[in-house]
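Step one of this worksheet: look at the structure below.
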Amino acid sequence: MVAVKDMVGVSAPLGYFDPLGFAKNPEKVNYLREAELKHGRTAMWAVLGWMTTASGFHPLIDGLKIAPGATPLADAANMPGATWFQIIAFVSVVEIFSLILQKNPNYKPGDLLGASEYMDANDLGWKRYQLAELNNGRLAMMGFAGLVAESLIFNHPLLGLGY
18 MVAVKDMVGV SAPLGYFDPL GFAKNPEKVN YLREAELKHG RTAMWAVLGW MTTASGFHPL
78 IDGLKIAPGA TPLADAANMP GATWFQIIAF VSVVEIFSLI LQKNPNYKPG DLLGASEYMD
138 ANDLGWKRYQ LAELNNGRLA MMGFAGLVAE SLIFNHPLLG LGY
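Basically my numbering = 1-based index in the sequence shown + 17.
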């Protein structure tokens, strides 16, 4: 196992940052990295979805009608039950698939497609790719939290952008 301080994701400007001591338990480190990657990937999709629906565009539904000034949160509250069922079913399938993959002793956190088996762990390009994904996911999680907060405070999907 790689020392936590040497893992991909320890980056400027903070360097190694664990004020709550989560990394003290080595068995939990891979679990926490897996969760960070999943949440980051989900947040990247969520920000994209928020921006497209807030602008009235939907790539799969031509002519989608969104009430003027409606926020994506309000739209989510009005989704039919079948839509929520599809979302929960998809997430469940991904989680079950992930649990099956984790039984492989060579499994790396977040590697749903098995790409890490074909990559040299010391390759700088691979490390840069992993670091970019982690940092983009971290930024997306903060960005999505900001979008939700803005929507709740101002009741407007994208403040100042005329939507």
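Cβ atoms here follow ideal geometry from the backbone N, Cα and C, with glycine treated the same way. Values in this document were obtained by computation on a predicted structure and should not be read as measured data.
Cβ pair residue i, residue j closer than 8 Å
i: LEU148; j: VAL25; result: yes
i: THR88; j: HIS173; result: yes
i: GLU53; j: GLY154; result: yes
i: LEU164; j: TRP67; result: yes
i: TYR124; j: LEU116; result: no
i: GLU51; j: GLY127; result: yes
i: GLY57; j: LEU151; result: yes
Helix, strand or coil at residue i [DSSP, three-state]
i: GLY131; result: coil
i: SER72; result: coil
i: GLY160; result: helix
i: GLY142; result: helix
i: TYR180; result: Summary for TYR180: the model assigns pLDDT 47, below 50, so the residue's position carries little reliability, and this model does not support an answer.
i: ALA26; result: Reading off the sequence shown, one finds Gly at residue 26, where the question assumed Ala. DSSP places GLY26 in coil when its eight states are reduced to three.
i: GLY32; result: strand
i: ASN123; result: coil
i: ALA166; result: helix
i: GLY38; result: coil
i: LEU49; result: helix
i: ALA20; result: coil
i: LEU54; result: helix
i: LEU175; result: coil
i: ALA136; result: According to the sequence as given, residue 136 is Met; it is not Ala. Of the three classes helix, strand and coil, the one that applies to MET136 here is coil, per DSSP.
Enclosing alpha helix (DSSP H) for residue i [first to last residue]
i: SER109; result: 98-118
i: ALA94; result: 89-94
Nearest-angstrom Cβ-Cβ length linking residue i and residue j, presumed shorter than 8 Å
i: LEU49; j: SER168; result: Contact flag wrong, Cβ pair sits at about 29 Å.
i: ALA60; j: PHE161; result: 5 Å
i: PHE114; j: LEU129; result: 7 Å
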